[in-house]
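K.L.:
Taking this note's numbering, the leading residue of the first sequence gets 1001, the next gets one more, and so forth. Yeah, the Cβ is synthetic: ideal placement off N, Cα and C, and Gly gets one too.
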Amino acid sequence: MPDARVRTRFAPSPTGALHFGSVRTALFAWLTARHAGGAFILRIEDTDQERYIPGTEALILETLSWLGLNWDEGPEVGGPHDPYIQSLRIAVYREHADTLVADGNAYWCTCTPARLAAMREEQRARSEPTRYDRRCLTRQAEVAVERANGIAAVVRLRMPDGVSEWDDLVRGHVSFNNADIDDQVLLKSDGFPTYHLAVVVDDHLMEISHVIRSDEWIPSTPKHLALYAAFGWDPPRFAHVPAVLGPDHQKLSKRRGARNVLEYGELGYLPSAIVNAIALLGWSSGDEQEVFTPQELIERFTLERVNSAAAIFDPKRLDDLNGIHIRRMSTDDLVEALEFPLPGTSKETRRQLIPMLRERMVTLADATRLCAPLLGEIKLDESVEFPPKKVDQATAVKMIDACIEAIVDGGLDNHAALLERLRAVAEAAGVKPRDAFRVLYIAVLGSPTGLPVIEAMMFLGKEKSLQRLSDARARLG
RNA sequence: GCCCGCAUCGUCUAGCGGUCAGGACACCACCCUUUCAAGGUGGUAACCGGGGUUCGACUCCCCGUGCGGGUACCA
1001 MPDARVRTRF
1011 APSPTGALHF
1021 GSVRTALFAW
1031 LTARHAGGAF
1041 ILRIEDTDQE
1051 RYIPGTEALI
1061 LETLSWLGLN
1071 WDEGPEVGGP
1081 HDPYIQSLRI
1091 AVYREHADTL
1101 VADGNAYWCT
1111 CTPARLAAMR
1121 EEQRARSEPT
1131 RYDRRCLTRQ
1141 AEVAVERANG
1151 IAAVVRLRMP
1161 DGVSEWDDLV
1171 RGHVSFNNAD
1181 IDDQVLLKSD
1191 GFPTYHLAVV
1201 VDDHLMEISH
1211 VIRSDEWIPS
1221 TPKHLALYAA
1231 FGWDPPRFAH
1241 VPAVLGPDHQ
1251 KLSKRRGARN
1261 VLEYGELGYL
1271 PSAIVNAIAL
1281 LGWSSGDEQE
1291 VFTPQELIER
1301 FTLERVNSAA
1311 AIFDPKRLDD
1321 LNGIHIRRMS
1331 TDDLVEALEF
1341 PLPGTSKETR
1351 RQLIPMLRER
1361 MVTLADATRL
1371 CAPLLGEIKL
1381 DESVEFPPKK
1391 VDQATAVKMI
1401 DACIEAIVDG
1411 GLDNHAALLE
1421 RLRAVAEAAG
1431 VKPRDAFRVL
1441 YIAVLGSPTG
1451 LPVIEAMMFL
1461 GKEKSLQRLS
1471 DARARLG
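This is how it looks when you write it as structure tokens:
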């Protein structure tokens, strides 16, 4: 159902590069917007000055762009709700916090961190939930004096009584008893808002219709709902997507080695394959299709089909999908994509290589290894048996001599004739072609495996091929 | 401690009271084959445990267990 009113956002904090977990959340939000024909907004949540890591903001934009997750409003492109960087919107949050205090939905608090810590410790000891005891709420006149005297103060949400509940698009009905929920700090003593205040104010002001975020936010949602109610605003729909776990069953995190998604590009993974792989982490189409282009994903994706259980990322699955996406690429696109793994080659050279390469790459980087014997000299590897197993010296000599002879006679243009002639020699020697041909692979490529040998020789040309064959012939004695 | 969530092959998942529990990755075998791949065919492999509800539970309810998350003047 096209619905231009659907507005989703991805709101990362610039505290590090994006990993598969965060990118998947971004993807789900992007797909939801694109599926509906709505808008996708990017907002930078940099309200924590302590954790800010310079440069990561640029990294985030680069990652999303590389993956093709384009945003309609946000950094670089602007939009009607500019700025989209929270540290530039401090006045807005401050104003809203004042309103909350004026209406009695929030209050100033001057409790010290030390008192708070002691309080929580006692609560734990009594098996009670840890939450602010509202000491300052009962002494607001004194707090006002303290503030006037320059004592550090924060604004806390006055969590209402009752129950908080909502129908989560992936979880279904969720409810919390408000008595278990803390009076959250909304404005820190440094004047910056906490996430909770900023996210609600911005999501409302930016007209976000669907808040799609990771499920670690579930316990905070009652606080957000209380804020919407306090402001008199309609809350958005919520969709809490499950976590992505690493092979150790722990949540993906930078510490513990979760890779920066951009690194996958350097390793030769395609954006479309990565998008496909992470979409399948928690989402399924409902039929048996598992290979999707980004466009197909846009058509098929709905939040209702997102699974609520955490998923472990499987690199093998990405490899499989990457190979499939490479095989489905057009030759022109491959010519471009191969420039990085095959530096210094011409477009024409890459075009010639592609037919041999296409079915053999898991990542684009495999092209480097596979093409090395064709683009440079072969390296003699001591560990490569020559002649190979199941082939005796005499047969090896016959294969090489026959190959040299055939090339001298007929050149390299007639692929079929050359193949036929070599097969005949192998059979006459009583050796299976599969074994006998290994001799040629080692001679021409330096390895018993690799690109198809006749095609490789055609690429190398007559002179170079003959040279390698006679070098190998000499090694056989 | 307190609160919340999740639970099907090793992994990602389908399933929405009655199925031989399906697919994909990985793995194994075979076929194809100039190597390696790719492709094709087949195979091994799962409903966390215990109670209910029901004529009948993977499916609904409860308890337990396990795992994850929250519990901050971090997001």
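Could you give the first and the last residue of the continuous beta strand (DSSP E) run that contains L1155?
P.N.:
Position 155 of the first sequence, counted from the first residue, corresponds to residue 1155. Residue identity check: residue 1155 is Val in the sequence provided, not Leu. Segment 1154-1157, the beta strand (DSSP E) holding V1155.
K.L.:
Would M1399 and V1408 qualify as a contact pair, given that the criterion is a beta-carbon distance under 9 Å?
P.N.:
In the first sequence, the residue the question calls residue 1399 occupies position 399. In the first sequence, the residue the question calls residue 1408 occupies position 408. Contact: no.
K.L.:
Take Q1184 and list the residues in its own chain whose beta-carbon comes closer than 6 Å to its own, dropping the five residues that flank it on each side.
P.N.:
Position 184 of the first sequence holds residue 1184. These residues qualify, in order along the chain: L1157, H1196, K1223.
K.L.:
In chain order, what residues of the same chain lie with their CB nearer than 7 Å to the CB of V1201, ignoring the 5 residues before and after it?
P.N.:
Locating residue 1201 in the first sequence gives position 201, counting from the first residue. So the list reads V1092, Y1093, H1096, once near-sequence residues are dropped.
K.L.:
Whose C-beta lies closer than 6 Å to the C-beta of R1421 among residues of the same chain, with five residues either side of it excluded?
P.N.:
Here the question's residue 1421 lines up with position 421 in the first sequence. Closer than 6 Å at the Cβ level, and outside the excluded window around R1421, lie A1406.
K.L.:
Among D1168, V1154, N1177, which has the Cα closest to the Cα of G1162?
P.N.:
In the first sequence, counting from the first residue as 1, residue 1162 sits at position 162. Looking at the Cα atoms, N1177 is the closest of the given residues.
K.L.:
On the CB-based measure, 16 or more other CB atoms within 10 Å of its CB, does D1168 come out buried or exposed?
P.N.:
The count along the first sequence starts at 1 and reaches residue 1168 at position 168. With 16 or more Cβ atoms within 10 Å of its Cβ, D1168 is classed as buried.
K.L.:
Could you give the residue range of the beta strand (DSSP E) that holds R1135?
P.N.:
The residue labelled residue 1135 in the question sits at position 135 within the first sequence. From DSSP, R1135 is part of no beta strand (DSSP E); its letter is neither H nor E.
K.L.:
So the candidates are L1460, K1251, E1165; which of them puts its Cα closest to the Cα of P1219?
P.N.:
Counted from its first residue, the first sequence places residue 1219 at position 219. The candidate whose alpha carbon is nearest that of P1219 is E1165.
K.L.:
Is D1203 closer than 9 Å to H1240 when the C-beta atoms are compared?
P.N.:
Locating residue 1240 in the first sequence gives position 240, counting from the first residue. Locating residue 1203 in the first sequence gives position 203, counting from the first residue. No; because the gap between Cβ atoms is not below 9 Å, this pair is not in contact.
K.L.:
Would you grab the beta carbon distance between P1236 and A1309 for me? Rounded to a whole angstrom, and I think it's under 8 Å.
P.N.:
Translated into the one-based positions of the first sequence, residue 1236 becomes position 236. Translated into the one-based positions of the first sequence, residue 1309 becomes position 309. Not confirmed; about 24 Å, so no contact.
K.L.:
Spatial neighbours of H1479 within its chain, please: CB distance less than 6 Å, with the 5 preceding and 5 following residues excluded, ordered by chain position.
P.N.:
Lying outside 1001 to 1477, the shown extent of the chain, residue 1479 is not represented and no answer is given.
K.L.:
Assign G1411 to one of three DSSP states: helix, strand, or coil.
P.N.:
Taking the first sequence and counting its residues from 1, one reaches residue 1411 at position 411. Coil, per DSSP.
K.L.:
Rounded to a whole number of angstroms, what is the C-alpha to C-alpha distance between G1344 and D1072?
P.N.:
Translated into the one-based positions of the first sequence, residue 1344 becomes position 344. Translated into the one-based positions of the first sequence, residue 1072 becomes position 72. Their backbone Cα atoms lie some 37 Å apart in a straight line.
K.L.:
Helix, strand or coil, according to DSSP, for S1175 in the structure here?
P.N.:
Here the question's residue 1175 lines up with position 175 in the first sequence. In the structure shown, S1175 sits in a strand (DSSP, three-state: E or B).
K.L.:
Look at the Cβ atom of Q1250, then the Cβ atom of R1259, and state whether they are nearer than 9 Å.
P.N.:
Within the first sequence, residue 1250 is the residue found at index 250, counting from 1. Within the first sequence, residue 1259 is the residue found at index 259, counting from 1. It is not a contact, given that the beta carbons lie outside the stated cut-off.
K.L.:
For the alpha helix (DSSP H) that C1371 lies in, which residues bound it at each end?
P.N.:
Your numbering for residue 1371 matches position 371 in the first sequence. Run containing C1371: 1366-1375, per the alpha helix (DSSP H) assignment.
K.L.:
When you compare the region 1084-1091 with the region 1121-1136, are there three or more beta-carbon pairs, one atom per stretch, that lie closer than 8 Å?
P.N.:
As far as the Cβ criterion goes, the region 1084-1091 does not touch the region 1121-1136, which means the pair count is below three.
K.L.:
Between the region 1024-1038 and the region 1004-1013, do three or more beta carbon pairs fall short of 8 Å?
P.N.:
The region 1024-1038 vs the region 1004-1013: in contact.
K.L.:
Tell me where the alpha helix (DSSP H) around I1442 begins and ends.
P.N.:
To locate residue 1442, count along the first sequence from 1; it is residue 442. Counting along the chain, the alpha helix (DSSP H) containing I1442 begins and ends at 1433-1445.
K.L.:
Report the start-end ranges of each alpha helix (DSSP H) in the region 1060-1132 that is 4 residues or longer and not cut off at the edges.
P.N.:
Listed in chain order, they are 1090-1102, 1113-1125.
K.L.:
Let me confirm a value: H1210 is counted as buried when at least 16 other C-beta atoms fall within 10 Å, else exposed. Which label applies?
P.N.:
Reading the first sequence from its first residue, position 210 is the one you call residue 1210. Flag for H1210 reads buried.
K.L.:
Quick check: the region 1362-1380 against the region 1315-1330, are there 3 or more CB pairs under 8 Å?
P.N.:
Because the criterion of three Cβ pairs below 8 Å is met, the region 1362-1380 and the region 1315-1330 touch.
K.L.:
Is there contact here, the region 1446-1460 with the region 1369-1376, by at least three beta-carbon pairs under 8 Å?
P.N.:
The answer is yes - the region 1369-1376 touches the region 1446-1460, with three or more Cβ pairs under 8 Å.
K.L.:
Only counting the same chain, and skipping five residues up and downstream in sequence, which positions put a Cβ closer than 6 Å to that of I1354?
P.N.:
For the purposes of this step, residue 1354 is identified with residue 354 of the first sequence, where counting begins at 1. Closer than 6 Å at Cβ, skipping near neighbours: T1331, L1334.
K.L.:
Output the distance between the C-alpha atoms of Y1228 and L1318, rounded to the nearest integer angstrom.
P.N.:
Indexing the first sequence from 1 puts residue 1228 at position 228. Indexing the first sequence from 1 puts residue 1318 at position 318. So the alpha carbons of these two residues sit roughly 40 Å apart.
K.L.:
Quick check on this structure: which residue in V1170, S1272, G1232 has the alpha carbon closest to the alpha carbon of G1282?
P.N.:
Position 282 of the first sequence, counting from 1, holds the residue named residue 1282. The shortest C-alpha separation from G1282 is found at V1170.
K.L.:
Counting only the same chain and skipping the five closest in sequence on each side, list residues whose C-beta sits under 8 Å from that of E1146.
P.N.:
One-based indexing of the first sequence puts residue 1146 at position 146. T1110, A1153.
K.L.:
On the CB-based measure, 16 or more other CB atoms within 10 Å of its CB, does A1114 come out buried or exposed?
P.N.:
Translated into positions along the first sequence, residue 1114 becomes position 114. So A1114 counts as exposed.
K.L.:
Buried or exposed: which applies to P1129, given that a residue is buried once 16 or more other Cβ atoms fall within 10 Å of its Cβ?
P.N.:
Against the first sequence, residue 1129 aligns to sequence position 129. Exposed: under 16 other Cβ atoms inside 10 Å.
K.L.:
How long is the line joining the alpha carbons of Y1052 and A1011, rounded to whole angstroms?
P.N.:
As a first step, residue 1052 is located in the first sequence; it is residue number 52 there, counting from the start. As a first step, residue 1011 is located in the first sequence; it is residue number 11 there, counting from the start. Computed Cα separation, rounded: 14 Å.
K.L.:
What residues in its chain sit with their C-beta under 6 Å from that of L1262, if we drop five residues either side in the sequence?
P.N.:
Translated into the one-based positions of the first sequence, residue 1262 becomes position 262. Cβ neighbours of L1262 beyond the five flanking positions: T1063.
K.L.:
DSSP has D1168 in a bridge; who is on the other side?
P.N.:
Working through the first sequence from its first residue, we reach residue 1168 at position 168. Partner(s): G1172.
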